[in-house]
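This report refers to the structure that appears directly beneath it.
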Amino acid sequence: MPLARIDLCAGKPDAYRRRLADIVYESMLDTLNAPRDDQFQVIAQHAPGDVIANPTYLGIQRSSDVVFIQLFLLAGRSVAQKKAFYETVAETLHCELGVRREDVFIGLVEVTRENWSFGNGLAQYVTE
Amino acid sequence: MPLARIDLCAGKPDAYRRRLADIVYESMLDTLNAPRDDQFQVIAQHAPGDVIANPTYLGIQRSSDVVFIQLFLLAGRSVAQKKAFYETVAETLHCELGVRREDVFIGLVEVTRENWSFGNGLAQYVTE
Amino acid sequence: MPLARIDLCAGKPDAYRRRLADIVYESMLDTLNAPRDDQFQVIAQHAPGDVIANPTYLGIQRSSDVVFIQLFLLAGRSVAQKKAFYETVAETLHCELGVRREDVFIGLVEVTRENWSFGNGLAQYVTE
Numbered sequence: 000m001p002l003a004r005i006d007l008c009a010g011k012p013d014a015y016r017r018r019l020a021d022i023v024y025e026s027m028l029d030t031l032n033a034p035r036d037d038q039f040q041v042i043a044q045h046a047p048g049d050v051i052a053n054p055t056y057l058g059i060q061r062s063s064d065v066v067f068i069q070l071f072l073l074a075g076r077s078v079a080q081k082k083a084f085y086e087t088v089a090e091t092l093h094c095e096l097g098v099r100r101e102d103v104f105i106g107l108v109e110v111t112r113e114n115w116s117f118g119n120g121l122a123q124y125v126t127e
Numbered sequence: 000m001p002l003a004r005i006d007l008c009a010g011k012p013d014a015y016r017r018r019l020a021d022i023v024y025e026s027m028l029d030t031l032n033a034p035r036d037d038q039f040q041v042i043a044q045h046a047p048g049d050v051i052a053n054p055t056y057l058g059i060q061r062s063s064d065v066v067f068i069q070l071f072l073l074a075g076r077s078v079a080q081k082k083a084f085y086e087t088v089a090e091t092l093h094c095e096l097g098v099r100r101e102d103v104f105i106g107l108v109e110v111t112r113e114n115w116s117f118g119n120g121l122a123q124y125v126t127e
Numbered sequence: 000m001p002l003a004r005i006d007l008c009a010g011k012p013d014a015y016r017r018r019l020a021d022i023v024y025e026s027m028l029d030t031l032n033a034p035r036d037d038q039f040q041v042i043a044q045h046a047p048g049d050v051i052a053n054p055t056y057l058g059i060q061r062s063s064d065v066v067f068i069q070l071f072l073l074a075g076r077s078v079a080q081k082k083a084f085y086e087t088v089a090e091t092l093h094c095e096l097g098v099r100r101e102d103v104f105i106g107l108v109e110v111t112r113e114n115w116s117f118g119n120g121l122a123q124y125v126t127e
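Protein chains in written order, with numbering that gives the first Met the number 0: chain B, 0 to 127; chain F, 0 to 127; chain C, 0 to 127.
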């Protein structure tokens with residue numbers, strides 16, 4: 000269902016980055032009705048200064064530890080599901096990894112069913 | 000409103016990359032009616048050869064210094080606004096940073112209002 | 000027409016990465032009716048562990064050598080064209096580069112005509 004892109008500054012330990020990715024995946028299971036094992040993610044680490052988040056937009060105080068999470072997913076989730084996803088990701092990242100809630104930026108991009116191939120050159124979500 | 004991804008070959012100074020990102024942001028203010036301070040950008044630096052742009056497509060002579068700018072933004076901008084954005088970005092990058100106008104590649108991806116969380120686990124653009 | 004993002008673990012030779020990108024482009028020509036020379040691609044190399052693909056989702060056995068291919072393209076291709084693209088990419092990557100067919104993940108994101116600028120600050124696909 001989704002491809003997640005996670006962008007952050009380089010320097011976090013391997014275990015931190017992996018747990019971060021797992022939290023994004025588990026939040027999808029809990030709130031977006033994602034199928035179990037549907038975890039496809041790319042973490043990109045960047046030079047200091049290459050991850051730019053305005054420090055005050057909408058009254059939210061962001062730091063240089065901001066994390067960008069971008070999810071490309073099947074269209075069809077409700078606004079309530081999306082809101083639950085944002086809340087769960089931010090809350091869990093904060094509680095488990097100490098990420099400031101203010102530093103969790105999330106963007107969704109929705110696509111159709113036939114726009115995915117999960118391997119073997121097939122369009123697994125196309126049923127006709 | 001937007002998340003910008005800027006991809007270029009590694010090796011440009013910090014100040015160059017930052018000014019490039021700022022020019023993209025300022026062009027959004029000037030042409031796309033973006034809110035002030037709405038600057039969220041990821042710059043990714045790549046190995047030589049990993050940024051591939053055909054050197055002649057549509058009769059435009061591109062060099063290896065090509066810059067890819069991809070903007071994920073709220074749907075709703077007019078064609079005229081988009082055209083003004085392209086022109087302003089290319090012109091300003093050229094005048095201020097010496098980027099060849101031919102080397103400015105821009106792609107937009109539009110999404111809906113509820114697809115953004117700017118921090119704190121909330122969907123700030125959802126009003127209901 | 001498209002911007003392709005190719006994500007894989009660092010460590011593959013330059014010639015491998017370039018051929019991989021060329022195969023994606025050639026498959027677009029063969030199956031998606033893409034115009035000749037329309038090759039715009041960004042290859043991003045990542046640390047081990049930063050390219051995450053579930054090893055069994057949908058019964059497909061994936062390895063750590065998975066390749067993510069994400070195509071941002073003009074809307075309008077048929078389901079049959081998309082299926083042919085997936086099959087051609089996976090088959091050719093396998094035959095020419097030895098990529099396991101199971102390790103080829105593809106996602107498409109479709110956009111409109113006025114969302115591209117191929118250089119010079121112009122919207123080349125807008126005709127009015």
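Cβ coordinates follow ideal geometry from the N, Cα and C atoms, glycine included.
Cβ distance (whole Å) where residue i is taken to contact residue j below 8 Å
i      : j      : result
B:G106 : F:N114 : 6 Å
C:Y85  : B:L2   : Their Cβ separation, rounded to whole angstroms, is 14 Å, which puts C:Y85 and B:L2 out of contact at 8 Å.
C:L57  : B:F117 : 5 Å
B:N119 : C:R100 : 5 Å
C:H45  : B:A9   : So it is not a contact: roughly 11 Å between Cβ atoms.
Beta bridge counterpart(s) of residue i as assigned by DSSP
i      : result
B:T104 : The sequence as given places Phe at residue 104 of chain B; Thr does not occur at that position. B:F104 pairs with B:F67.
F:E109 : F:L72
F:V4   : At residue 4 of chain F the sequence reads Arg, which differs from the Val that was named. According to DSSP, which records beta bridges pairwise, F:R4 is partnered with F:V41 and F:Q69.
C:V50  : B:V41
C:S116 : F:I105
Between the CA atoms of residue j and residue i - distance to the nearest angstrom
i      : j      : result
C:V41  : B:L19  : 25 Å
C:T30  : C:A89  : 13 Å
C:V110 : C:Y124 : 12 Å
B:Y24  : B:K81  : 14 Å
C:L7   : F:R35  : 36 Å
F:M145 : B:E95  : One cannot answer for residue 145 of chain F here, as it falls past the ends of chain F, which runs 0 to 127.
B:R112 : B:V98  : 33 Å
F:N32  : F:M0   : 10 Å
F:I22  : C:I59  : 44 Å
F:F71  : C:F71  : 11 Å
B:V126 : C:V103 : According to the sequence displayed, residue 126 of chain B carries Thr and not Val. Distance between the alpha carbons of B:T126 and C:V103 is about 20 Å.
F:T91  : C:T87  : 41 Å
F:A83  : F:S63  : 25 Å
C:R17  : C:I5   : 11 Å
B:T55  : B:H93  : 19 Å
F:V108 : F:D37  : 17 Å
F:A79  : C:A79  : 34 Å
Under 7 Å from the C-beta of residue i: neighbouring residues of chain A
i     : result
B:A20 : Of the protein chains in this structure, namely B, F and C, none is chain A.
- Query: Would you call the segment 40-54 of chain C and the segment 5-18 of chain B in contact, with 3 or more CB pairs under 8 Å?
  - Reply: With a cut-off of 8 Å, the segment 5-18 of chain B and the segment 40-54 of chain C count as touching, because enough Cβ pairs lie within range.
Item to complete: Decide if the segment 61-69 of chain B is in contact with the segment 74-82 of chain F; the criterion is three or more beta carbon pairs, one per stretch, under 8 Å apart.
Response: No contact exists between the segment 61-69 of chain B and the segment 74-82 of chain F.
Considering only residues of the segment 4-38 of chain B, which uninterrupted alpha helix (DSSP H) runs meet the minimum length of 4 residues and lie entirely inside it, listed in chain order? Whole alpha helix (DSSP H) segments, 4+ residues: 13-30.
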